[in-house]
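The UniProt record's numbering applies: residue 1 is where the sequence shown begins, and numbers increase by one.
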Amino acid sequence: MNNGDDIYFSQSYIAQIGGITTSTLSRYLSKSHENDDLNKDNKRKKFSFAEVRNILKHFVSNNVSINKKIQVFFNFKGGTGKTSLCHQVSINLALMGFKVLAIDCDPQAHLSYVLGFDETHDYKTLYDVLINKFPINDVINKSLYDGLDCIPSNLSLTRLELPLSQKLNRERTLAKVLEPLKNIYDFILIDTNPTISTVNQNATLAADILNIVCETQPFSLKGLEMLIQEIDKFSEDMECDINYSIIPNKYESKTATSQEALGTLRHEYKNHVMESLVRKCEDINISAKKKMPVFGFCTKRSMALEDIIDLSHEIIKRSSKKVRYES
Ligand SMILES: Nc1ncnc2c1ncn2[C@@H]1O[C@H](COP(=O)(O)OP(=O)(O)OP(=O)(O)O)[C@@H](O)[C@H]1O
Ligand SMILES: [Mg+2]
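Given below as structure tokens:
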């Protein structure tokens with residue numbers, strides 16, 4: 001099984017992930033290890049996940065105050081990349097020093113799988129929390145990565161819809177149980193399945209930001225238009241604001257349809273569309289197959305690596321009061 005302990009990082013890789021220069025990083029390492037033996041080995045040394053997390057805390061997580069903690073990856077269209085991006089970003093944020101909880105709300109359990117949970121696991125899931133009234137803290141598990149916890153899913157979530165839809169105040173059940181966790185975690189990332197259901201309405205109302213993952217293709221834009229109408233209507237019915245961002249995914253710079261779709265997205269949805277986009281790249285597929293984040297096996301030049309780093313930094317920026325990276 002691959003896990004955080006099998007991944008080692010060079011200094012230039014750490015600098016790239018943290019959005020800092022290698023000289024800034026090496027200055028910091030020499031200062032912080034002035035009096036120990038590590039200093040003379042730093043140049044050649046490869047750093048573990050836990051060590052990188054400690055280093056990047058100084059440059060990233062310690063410098064921001066996250067106030068939009070619950071991030072839901074959503075689209076009622078299937079296969080747009082919700083799980084892939086939720087997977088990459090949750091591990092990346094943990095690596096940058098944040099305390100992260102990933103919640104799998106999809107009975108297909110793909111997020112649980114890539115985070116190392118066996119498909120046939122009998123861990124408790126959100127079903128036990130929302131229906132059987134288990135305390136949420138009792139269903140949180142350590143993942144394979146330092147700083148990242150997980151509530152995995154399994155097929156039990158297919159039975160969630162009916163009893164949840166019969167509850168009083170049903171749409172706000174998840175928001176209520178997640179509220180106390182905001183004191184523990186910097187980020188709570190939720191992966192959803194491609195439906196409009198009571199479960200996903202719950203995720204939508206719990207979200208501080210709804211990250212709509214949208215492919216840059218004509219049909220995806222049609223679907224997005226309908227989705228935004230649904231969200232507007234739901235927000236009106238529930239008398240609350242729903243803050244959403246759109247993440248363009250699977251962008252292909254060489255195809256006219258993809259370029260055009262991105263142009264339309266930016267024109268129609270303006271600031272809702274993230275500046276960062278994720279290009280179509282085989283490394284994302286390999287990552288799922290290997291059950292390993294892209295930084296676990298990609299070279300520094302990988303498009304997927306670059307895009308996931310940019311996306312993670314923009315999510316931090318959109319979720320925080322201020323960002324002040326050390327230089
Ligand atoms: N940027 C990308 N480049 C290449 N392949 C991608 C990219 N993003 C996602 N994929 C691939 O697209 C497929 C669907 O991705 P994923 O499972 O993340 O979508 P999803 O929205 O979670 O799907 P579902 O709606 O079934 O939950 C996967 O094979 C994944 O590896
Ligand atoms: Mg998925």
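Ideal Cβ positions, reconstructed from N, Cα and C, are used throughout, including at glycine.
Looking at the secondary structure, which residues open and close the beta strand (DSSP E) in which residue i lies?
i: Q71; result: I70 to F74
i: Y269; result: Element bounds for Y269: not the beta strand (DSSP E) but the alpha helix (DSSP H), A256 to Y269.
Give the DSSP bridge partners of residue i, in chain order.
i: L101; result: D149 and I188
i: C86; result: In DSSP, C86 forms no bridge with anything.
i: L210; result: V72 and Y244
i: S320; result: I66
i: F297; result: In the DSSP output, where bridge partners are listed per residue, F297 has none listed.
i: V8; result: Per the sequence shown, the amino acid found at residue 8 is Tyr instead of Val. DSSP output for Y8 lists S48 as bridge partner(s).
i: E215; result: N249
i: K142; result: D149
Within the continuous alpha helix (DSSP H) that includes residue i, where are the two ends?
i: P180; result: Unbroken run through P180: none, as it is neither H nor E.
i: L162; result: E161 to S165
i: L205; result: T198 to A206
i: S245; result: Looking at the DSSP string, S245 is not in any alpha helix (DSSP H); the run it does join, the beta strand (DSSP E), is Y244 to Y251.
i: E275; result: Here E275 belongs to no alpha helix (DSSP H), and DSSP marks it neither H nor E.
i: P218; result: P218 to D237
i: N285; result: E282 to K290
i: V129; result: L126 to L130
i: K31; result: T22 to S32
i: Y113; result: H110 to V114
Excluding the five sequence neighbours on either side, which residues of its own chain have a C-beta within less than 7 angstroms of the C-beta of residue i, listed in chain order?
i: S197; result: E161
i: S90; result: V100, A102, L148 and L189
i: K142; result: D149
i: S327; result: Residue placement at S327 is poorly supported in this model, since its pLDDT is 44, which falls under 50; the coordinates are not used for a value here.
i: R266; result: V273
i: T257; result: Q217 and P218
i: K300; result: S12, Y13 and Q16
i: D138; result: K124
i: I315; result: Q71 and V89
i: M1; result: Only weak support exists for where M1 lies, its pLDDT of 43 falling under 50; the value from the coordinates is given anyway. Same-chain partners within the cutoff: G116.
i: N271; result: none
i: T264; result: L221
i: D122; result: none
i: T173; result: L130, L164, K167 and N202
If I measure Cβ to Cβ from residue i and keep anything under 8 angstroms in the same chain, skipping five residues before and after, which residues do I get?
i: H186; result: Residue identity differs from the one stated: residue 186 is Asp in this sequence, not His. Excluding sequence neighbours, D186 sits near S61, I66, K69, L93, F98, K99 and V100.
i: M238; result: E171 and L205
i: T195; result: F76
i: P180; result: I136
i: D307; result: S276, L277, V278, R279 and C281
i: D146; result: G4, F49, A50, R53 and A94
i: I140; result: L101, D149, C150 and I151
i: C105; result: L126, S153, L157, I190, D191, T192, N193, V199, N200 and A203
i: Y251; result: T216, S258, L262, L277, V278, R279 and K280
i: S253; result: Q259 and R279
Excluding the 5 residues preceding and the 5 following residue i in the sequence, name in chain order all residues of the same chain whose CB lies nearer than 6 angstroms to its CB.
i: A207; result: I70 and V72
i: D310; result: S276
i: G296; result: I7
i: S319; result: I66 and K68
i: L56; result: G18, M96 and G97
i: A304; result: C281, D283, I284 and V294
Cβ of residue i within 7 angstroms of any heavy atom in ligand 4?
i: Q166; result: This structure does not include ligand 4; its bound ligands are ligand 1 and ligand 2.
Q) Using 8 angstroms as the threshold, is the region 142 to 158 in touch with the region 111 to 118, meaning 3 or more CB pairs across them? A) Segments in contact, yes.
Q.
For the region 4 to 16 against the region 74 to 84, do three or more pairs of beta-carbon atoms, one drawn from each stretch, fall closer than 8 angstroms, so that the two count as touching?
A. No, the region 4 to 16 is not in contact with the region 74 to 84.
Q.
For the pair the region 63 to 78 and the region 221 to 231, tell me if three or more CB-CB distances fall below 8 angstroms.
A. Taking 8 angstroms as the limit for Cβ pairs, the verdict is that the region 221 to 231 does touch the region 63 to 78.
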